[in-house]
Amino acid sequence: SPSIVWFRDDLRLADNPALRAAVDRGAPIIALFVLDDESPGIRPLGGAARWWLHHSLASLAERLREKGGRLVLRRGPAARTVRDVVQDAAAGAVFWNRRYGLPEREIDADLKSSLRADGVEVASFAAALLFEPWTVTTGAGTHFSVFTPFWRACQQQPGPRGPLPEPRTIARFEGDVPSDDLSDWALLPTAPDWAGGLREAWEPGEPAARRRLREFLAEDVGDYDRARDEPAAGATSLLSPRLRWGELGPHTVWHAAAEAGGGGRFLTELGWREFAWHTLFHAPDLATTNLRREFDAFPWPPLRPDLLEAWERGGTGYRLVDAGMRELWATGHMHNRVRMVTASFLVKNLLIDWRLGEQWFWDTLVDADAASNPFNWQWVAGSGADAAPYFRVFNPELQATKFDADGRYVARWAPEYGAGSALRPEPVVDLKESRGAALAAYEAVRRGG
Ligand code: FAD
């Protein structure tokens, strides 16, 4: 009886323990991906993420074909859909790599027990994180809310296992298992087609991800510590969408970086990714609920949609904010320093609830990540784990002077700010005044906290 490998956020053949288990079992393999927009609690993917998913699935299908296999696509509520395929193919085993969001965990746990009750072999594996969330605890057995001791505790664990090689061949199941056509899923934008900038910036899929990793480690990692905060330097890895979609696993990145002499700083960034996911594991409502509940008392003023839109479109009148928001819109990505500045500006100068910013990023980032996105928004807003204190407000002009000293980044994305240009947008708020209003509003949190 065939084995099913249920692909989810792990669109790769290398370092894929679920696929490895199926190959070791020896029977023919059905590689399955389920598009699930229906199960309760599952957050529907944003637009840029759907674009990435389309291309990454096309690449995975191609790679499977090269190895002799075939990718089966189905759409529907995940548990029912997987059970249907098990039945259609009379499959004897189902393998997957674990997910860590609560609705996903519940779906997977229910499915596991119901399949087992039917006599189907089921096994799940650790692949998306270097450390399983339940294994990293404080001396008192609770989870960490501060990064530094968290990361120290991770490093006291046995080191992450080495990456698994990709299988040489994949025995294809010859039975009749219908598959959707990827194009019928309409994951790509059509009218209007806003993805031109994404196509120019990215090549999704495992082979391109591996090339980018090699290139980064050969050329850029040495300069990472010095230049990582400068958005024009191109000094960061650009691996975030590849890690988000699992075209590369963190074990592969970890060991390759360590072997290439990749500085501790880069490995520590992978640690922040772990911390975000461990935080989501323990606080499943991270995208909707303040981790520090005293922030529930924050008196957000009535929403000004004009200000929100000025931010989204990159028309705030502040050069680094506008450049960042346009980079995001054009490419589906934004440099980390600029993510911090644009997020701070939304929350602390426009006084707009971080959740609305999180939602915009969710829709526009190709690396939109269920843990890292809300985690970092809460970090900027001050309501999160080990967060920046609310009263520390970035000044976007000083940030531009410091991290884009020669103006190259702004010139690329918001050229109208060039010297003497009359086209630059009017500032939508006064920095000093708006900062004062934000700090006054924060008093409500301090009094309640
Ligand atoms: P590098 O500097 O090369 O870092 C290597 C890897 O480490 C990244 O690919 C990423 O996987 C991880 N990493 C680095 N910084 C962080 C961090 N602060 N938190 C978690 N992981 C990190 N990252 C996402 O992957 N998805 C998101 O949805 C996301 N939303 C964010 C929202 C805001 C408001 C902020 C301030 C940051 C957000 N980040 C998010 C974190 C960070 O900005 C990106 O991971 C980074 O810019 C990706 O570029 P890179 O791959 O070149 O990073």
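For reference, each letter of the sequence shown is one residue, going 3 to 451 in UniProt numbering. The beta carbon of each residue, even a glycine, is placed where N, CA and C say it ideally should be.
- Setting aside the 5 residues that flank it on each side, S239 is surrounded in the same chain by F218, each with a C-beta closer than 6 Å to its C-beta; the list follows chain order.
- Rounded to whole angstroms, the Cβ separation of A440 and L353 is 6 Å, and the two are in contact under 8 Å.
- When the five nearest sequence neighbours on each side are left out, the beta carbons in the same chain lying within less than 7 Å of the beta carbon of R339 are those of D231, P233 and F405, in order along the chain.
- If you check the CB distance, W415 and A325 come in under 7 Å.
- A straight-line Cα-Cα distance of about 15 Å links L104 and P376.
- The criterion of a C-beta distance shorter than 7 Å is satisfied by A81 and L113.
- Under the three-state reduction of DSSP output, I109 falls in the helix class.
- Not one heavy atom of the ligand FAD lies closer than 6 Å to the C-beta of L310.
- With fewer than 16 neighbouring CB atoms inside 10 Å of its own CB, R154 falls in the exposed class.
- Within the chosen limit of 6 Å, the ligand FAD does not reach the beta carbon of A285 with any heavy atom.
- Proximity to F300 across D388, A443 and S126 peaks at A443, based on C-alpha coordinates.
- Note that the stretch 314 to 331 touches the stretch 344 to 363; at least 3 beta-carbon pairs, one per stretch, sit closer than 8 Å.
- Using a Cβ distance threshold of 7 Å, D110 and R246 do not count as a contacting pair.
- For the alpha helix (DSSP H) assignment, the uninterrupted runs of no fewer than 4 residues enclosed by the stretch 167 to 218 are, from N- to C-terminal side, 198 to 203 and 208 to 217.
- Along the length of the stretch 399 to 443, whole alpha helix (DSSP H) runs at least 4 residues long occupy 410 to 415, reported in chain order.
- A129 is the residue among A129, D183 and T140 whose C-alpha sits nearest the C-alpha of L166.
- Between A197 and the set E329, S115 and L293, the nearest pair of CA atoms involves E329.
- With respect to R244, A211 sits close: the two C-beta atoms are nearer than 7 Å.
- In terms of Cβ geometry, L189 and R52 form a close pair [threshold 7 Å].
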